[in-house]
Amino acid sequence: MMNRRELVQSLVEIVGKKAVLHAPEDLLVFETDASIGAALPWVAVFPSSVEEVSRIVRLAYKEGIPIVARGTGTGISGGAIASEGGILLTLTRMKRILEVDPLNQTAVVESGVVNLDLSKAVSKYGLYYVPDPSSQKVCTIGGNVGTNAGGPHCLAYGVTTNHVLGLEVVLDDGDIVWLGGKTGERPGYDLTGVVVGSEGTLAIVTKIIVRLTHKPEAVKTFLAIFDRMDDASNTVSQIIASGIVPAALEMIDNLVIQAVEQAIHAGFPLDAEAVLLIELDGLRESVEEEAEVVKAICGENRTREIRVAEEEDERERLWAARKGALGALGRLAPNYYILDGVVPPTQLPQVLQKVGELSQRFGFAIANVFHAGDGNLHPNILFDARVPGQSEKVLELGEEVMRICVEAGGAITGEHGIGLEKRSFMEWVFTPDDLEAMGKLKRAFNERDLLNPAKIFPTGKACDGSSVSIRPELMPKGSDEPPVHFPSGSNLGPEDYI
Numbered sequence: 027m028m029n030r031r032e033l034v035q036s037l038v039e040i041v042g043k044k045a046v047l048h049a050p051e052d053l054l055v056f057e058t059d060a061s062i063g064a065a066l067p068w069v070a071v072f073p074s075s076v077e078e079v080s081r082i083v084r085l086a087y088k089e090g091i092p093i094v095a096r097g098t099g100t101g102i103s104g105g106a107i108a109s110e111g112g113i114l115l116t117l118t119r120m121k122r123i124l125e126v127d128p129l130n131q132t133a134v135v136e137s138g139v140v141n142l143d144l145s146k147a148v149s150k151y152g153l154y155y156v157p158d159p160s161s162q163k164v165c166t167i168g169g170n171v172g173t174n175a176g177g178p179h180c181l182a183y184g185v186t187t188n189h190v191l192g193l194e195v196v197l198d199d200g201d202i203v204w205l206g207g208k209t210g211e212r213p214g215y216d217l218t219g220v221v222v223g224s225e226g227t228l229a230i231v232t233k234i235i236v237r238l239t240h241k242p243e244a245v246k247t248f249l250a251i252f253d254r255m256d257d258a259s260n261t262v263s264q265i266i267a268s269g270i271v272p273a274a275l276e277m278i279d280n281l282v283i284q285a286v287e288q289a290i291h292a293g294f295p296l297d298a299e300a301v302l303l304i305e306l307d308g309l310r311e312s313v314e315e316e317a318e319v320v321k322a323i324c325g326e327n328r329t330r331e332i333r334v335a336e337e338e339d340e341r342e343r344l345w346a347a348r349k350g351a352l353g354a355l356g357r358l359a360p361n362y363y364i365l366d367g368v369v370p371p372t373q374l375p376q377v378l379q380k381v382g383e384l385s386q387r388f389g390f391a392i393a394n395v396f397h398a399g400d401g402n403l404h405p406n407i408l409f410d411a412r413v414p415g416q417s418e419k420v421l422e423l424g425e426e427v428m429r430i431c432v433e434a435g436g437a438i439t440g441e442h443g444i445g446l447e448k449r450s451f452m453e454w455v456f457t458p459d460d461l462e463a464m465g466k467l468k469r470a471f472n473e474r475d476l477l478n479p480a481k482i483f484p485t486g487k488a489c490d491g492s493s494v495s496i497r498p499e500l501m502p503k504g505s506d507e508p509p510v511h512f513p514s515g516s517n518l519g520p521e522d523y524i
């Protein structure tokens with residue numbers, strides 16, 4: 027295997043000196059994503075074309091070097107962390123919108139295109155790209171494909187996989203292939219669907235053919251204010267049970283209201299226990315009819331007040347509050363640990379009550395902001411990593427919350443992915459035979475486990491070889507794993523940084 031100097035020189039020959047970072051102080055900003063794990067790559071490289079990606083992957087394959095694809099690092103499961111060292115392949119320079127076809131409502135984009143930039147670019151045609159994570163202003167389409175990202179408006183329209191028609195990918199040996207295409211139905215295996223949500227463990231996505239959607243004729247946005255969380259939760263269940271599928275149905279609890287009001291001043295009442303952000307869209311007549319039903323359901327559940335965003339700036343302020351909620355939590359505590367569980371919407375009252383009981387038992391405040399309509403919960407555990415012992419307790423509390431979601435008939439992720447964070451939880455929801463079947467698929471694409479190793483699966487080399495640390499004080503109790511890993515038999519070491 028080549029040493030670090032040789033690796034850096036080989037990468038410089040492919041992409042140029044300015045597109046390769048290898049000094050420790052430069053790599054620090056790439057040691058983590060938005061999760062709590064951390065590990066340094068050996069080198070970060072910034073290709074500008076699929077041909078460069080192919081050459082880099084061929085080099086990694088030949089030398090047996092791990093390679094992790096990364097966008098802007100907004101992921102929340104550790105999926106973009108180079109936990110095995112190796113090459114961090116950062117795709118943010120591949121950010122061109124290559125083609126927009128307004129008649130067929132499609133676009134072809136490179137992986138590094140920022141999500142919101144796509145909707146802005148096609149807005150003049152009356153179109154937009156539906157999946158809208160809270161990090162929409164900075165997250166990339168390629169990263170969204172990796173985790174099958176959702177967002178507030180995916181309740182009615184579906185998550186990323188429902189809006190991806192085709193992918194250009196680089197396989198583990200460097201071959202460039204297209205999966206899917208510009209038409210919705212194609213013969214053969216649905217390999218596009220297989221790769222979406224695979225978190226970079228099957229192939230590296232370099233271009234995406236996306237489906238665009240016409241802007242609706244009418245949009246109506248409500249803010250429903252509740253004095254009791256249970257009433258807000260029951261409202262969600264009844265709206266879904268009525269047959270109405272809102273474009274968005276979001277819940278924010280009192281802790282988040284406190285933070286958001288300090289940061290954004292959206293007009294949320296500070297004494298409310300919960301608010302629902304409800305958005306209906308479609309034909310004008312149907313929106314008006316559904317609005318009356320939604321108002322009636324809110325009234326049956328003792329809503330204190332229903333506010334309607336009459337102007338676009340009011341609507342934008344409400345959504346700024348929702349999408350800025352996580353950033354605002356920094357006003358309440360130095361650290362937070364965000365979870366991503368899914369439960370049946372009818373189980374929301376019971377699950378939230380149990381989460382509240384855990385909060386009291388462990389002694390940590392939990393701020394809830396989530397996609398209530400499809401039961402995708404995001405409890406945020408607030409803590410201070412500087413206090414000895416808090417970090418370990420937070421991780422224990424997070425595991426308990428995820429168990430509650432599974433026991434309620436739910437899942438361990440709705441949109442953040444498995445990554446490093448939840449791989450040990452996979453055995454809660456899948457049998458050994460289930461996991462082996464998925465492992466066979468992974469090996470068919472990624473035989474040598476060089477593409478984003480140590481992610482998703484709880485057993486075998488993909489887990490046992492990992493050496494991720496928890497950032498910076500969040501190391502699990504009893505863990506002695508080093509923050510940077512150098513595989514046995516390799517002649518790469520810290521002294522090889524140049």
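Each residue of the sequence shown is one higher than the last, beginning at 27 in this note's numbering.
The beta carbon of each residue, even a glycine, is placed where N, CA and C say it ideally should be.
{"Asked": "Beta-carbon separation (whole angstroms), Leu238 vs Thr132, contact threshold 8 Å", "Found": "6 Å"}
{"Asked": "Asp307, enclosing beta strand (DSSP E) - first and last residue", "Found": "Ala300 to Gly308"}
{"Asked": "Counterpart residues of Ile407 in DSSP-defined beta bridges", "Found": "Tyr363 and Ile392"}
{"Asked": "Span separating the alpha-carbon of Ser493 from that of Ile107", "Found": "Annotation note: pLDDT 44 at Ser493 (below 50); position unreliable, no value reported."}
{"Asked": "Backbone secondary structure at Asn472 - three-state DSSP", "Found": "coil"}
{"Asked": "C-beta contact flag for Ala182 and Val41 at 8 Å", "Found": "no"}
{"Asked": "Thr232 beta carbon less than 8 Å from that of Glu194", "Found": "yes"}
{"Asked": "Which of helix, strand or coil DSSP assigns to His189", "Found": "helix"}
{"Asked": "Distance, Arg96 Cα to Cys489 Cα", "Found": "With a pLDDT of 37 at Cys489, under the threshold of 50, the predicted position of this residue should be treated as unreliable, and no value is reported."}
{"Asked": "Meets three-Cβ-pair contact criterion under 8 Å: the segment 133-144 and the segment 116-125", "Found": "yes"}
{"Asked": "Simplified DSSP state of Tyr154, which is helix, strand or coil", "Found": "strand"}
{"Asked": "Whole-Å CB distance - Gly169 paired with Gly101, under 8 Å assumed", "Found": "6 Å"}
{"Asked": "Cβ contact check for the segment 241-253 and the segment 297-304: 3 or more pairs under 8 Å", "Found": "yes"}
{"Asked": "C-alpha gap between Val319 and Leu197, whole angstroms", "Found": "50 Å"}
{"Asked": "Exposed unless 16 or more other CB atoms sit within 10 angstroms - verdict on Trp204", "Found": "exposed"}
{"Asked": "Contact check, Pro128 vs Gly112, beta carbons under 8 Å", "Found": "no"}
{"Asked": "Contact set for Val313: own chain, Cβ-Cβ below 7 Å, skip 5 residues either direction", "Found": "Ala244, Lys246, Leu306 and Asp307"}
{"Asked": "Beta-carbon gap between Leu461 and Cys431 smaller than 8 Å", "Found": "no"}
{"Asked": "Closer than 8 Å to chain C by CB, Leu403", "Found": "In the structure shown, chain C cannot be found, because there is only a single protein chain."}
{"Asked": "Beta-carbon contacts of Leu281 that lie in its chain and below 7 Å, excluding the five residues immediately before and after", "Found": "Leu358, Ala391 and Ala393"}
{"Asked": "From Ala229, Phe456 and His442, residue whose alpha carbon lies closest to that of Thr22", "Found": "Past the edges of the chain, shown from 27 to 524, lies residue 22, and the structure says nothing about it."}
{"Asked": "Burial state of Gly105, where buried means 16 or more other Cβ atoms lie within 10 Å", "Found": "buried"}
{"Asked": "Nearest-angstrom beta carbon gap, Val71 and Ile82 [assumed within contact, 8 Å]", "Found": "6 Å"}
{"Asked": "Pair within 8 Å by beta-carbon distance, His48 and Leu153", "Found": "no"}
{"Asked": "Reference Leu85, options Met428, Ser36, Asp459 and Arg310, closest by Cα", "Found": "Ser36"}
{"Asked": "C-beta atoms of Glu447 and Gly63 nearer than 8 Å", "Found": "yes"}
{"Asked": "Buried versus exposed, by CB contacts within 10 Å (16 or more), Lys43", "Found": "exposed"}
{"Asked": "Short Cβ contact (8 Å threshold) for Lys481 with Ile438", "Found": "no"}
{"Asked": "The segment 419-431 touching the segment 355-375, judged by at least three CB pairs closer than 8 Å", "Found": "yes"}
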